[in-house]
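Read through the structure below, which is laid out as structure tokens, and then see the notes.
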DNA sequence: CAACCGTGGAT
DNA sequence: TATCCAAGGTT
């Protein structure tokens, strides 16, 4: 059983000496802390840093972000992935603007009700910005706690996360924000997934799995399922005005991002002409093949070049394409026009 | 609740 | 190349 007071003391002492100097640790602004937590969702620190700096430079206050055009914000998020994160955050800061006079709610209940604020981000922001004693349980914390207690439960189950959250809140000290960050920092730098640095660990003496030499057996997690493989034809349709056919994606995957016409490989040109209301040139061999891997899908894309004299509101000047938010998958397609 | 939702880096 | 992982949330 964990000696709570001694554990927290050891961990916090280590953290205060060893914490990394990250951009979002140079501010007490709840908005900026919130932004960083949203960016850090399932995304590595090194990836987030340049995006965070760009956003803070361009949208220094909550009102700057709230007043911004959604498509421009999406464009600035381009390449970071999980695009609903920024769509939800944009919506949430607008909510804060008109409901809370542009002040990030200090009442946990109010903050947790905002779009895109779940158990982790809610706990992180409320503890770091306002010192509320709420846990912030991410993948790092799940791994650290599983190893400390030789916890055999599956960390991919929501019930486990909920239970660990309660456990952390039973040991969380008054310095709640630092404690939450210290647990994550420990997981990110010492108690790492593959080669943990147990000999440098400040809480080694509290660790059950270290005592029994079973650290690498934790955390328990069910293996991920196989990705669905999908085969598509992507069409770069050009007219005689240096324009290409492009439109906003409405489906859940990559919602709000622009795309080129994308069809299952067995879809006939006639069907496509009918759906797009265009008269198209004869189909020739694909000019390229591309593969793109998502969390749960793999796209194998054949890239085709087509021409038309038909008119449509969906034609965009090729030189202006880069002004529109586009997924990496579609960027891989578009690069073959250059 | 299990499935969905991006991307890049490490091994 | 295949798999896992990374400061998770929504449905």
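Residue numbers (the UniProt record's numbering): 1 to 338.
Where is the CB? At the ideal position from N, CA and C, for every residue including glycine.
If you run the structure through DSSP and keep just helix, strand and coil, what is residue i?
i: residue 296; result: coil
i: residue 203; result: coil
i: residue 285; result: coil
i: residue 306; result: strand
i: residue 138; result: coil
i: residue 291; result: strand
i: residue 301; result: strand
i: residue 94; result: helix
At the level of alpha carbons, what is the spacing between residue i and residue j?
i: residue 251; j: residue 257; result: 10 Å
i: residue 129; j: residue 177; result: 7 Å
i: residue 326; j: residue 27; result: 31 Å
i: residue 263; j: residue 164; result: 44 Å
i: residue 2; j: residue 203; result: 10 Å
i: residue 51; j: residue 283; result: 40 Å
i: residue 8; j: residue 14; result: 10 Å
i: residue 33; j: residue 138; result: 16 Å
i: residue 152; j: residue 93; result: 39 Å
i: residue 301; j: residue 293; result: 11 Å
i: residue 88; j: residue 95; result: 10 Å
i: residue 337; j: residue 323; result: 16 Å
i: residue 147; j: residue 207; result: 7 Å
Between which two residues does the beta strand (DSSP E) carrying residue i extend?
i: residue 232; result: 228-238
i: residue 316; result: 315-317
i: residue 244; result: 243-245
i: residue 339; result: Nothing about residue 339 can be reported from this structure: the residues present for the chain run from 1 to 338 only.
Measuring only from the beta carbon, is residue i closer than 7 Å to any heavy atom that is part of the ligand NAP?
i: residue 175; result: The ligand content of the structure shown is nil, which means the ligand NAP is not present either.
At what residues does the alpha helix (DSSP H) containing residue i begin and finish?
i: residue 126; result: 119-130
i: residue 274; result: 269-276
i: residue 184; result: 176-189
i: residue 330; result: 328-334
i: residue 338; result: Unbroken run through residue 338: none, as it is neither H nor E.
i: residue 113; result: No alpha helix (DSSP H) holds residue 113; DSSP gives it neither H nor E.
Residue i and residue j look like a contact to me (Cβ under 8 Å); what is the Cβ gap, rounded to whole Å?
i: residue 315; j: residue 249; result: The Cβ separation is near 17 Å, so there is no contact.
i: residue 86; j: residue 74; result: 6 Å
i: residue 261; j: residue 287; result: Not confirmed; about 15 Å, so no contact.
i: residue 306; j: residue 247; result: Not confirmed; about 15 Å, so no contact.
i: residue 49; j: residue 23; result: 6 Å
i: residue 253; j: residue 298; result: In fact, because the Cβ distance is near 13 Å, the residues do not count as touching under 8 Å.
#### Entry: Secondary structure, alpha helix (DSSP H): runs of 4+ residues fully inside the stretch 25-92
Those alpha helix (DSSP H) runs which fall completely within the stretch 25-92 and span 4+ residues are 30-39, 45-58, 62-67, 70-77.
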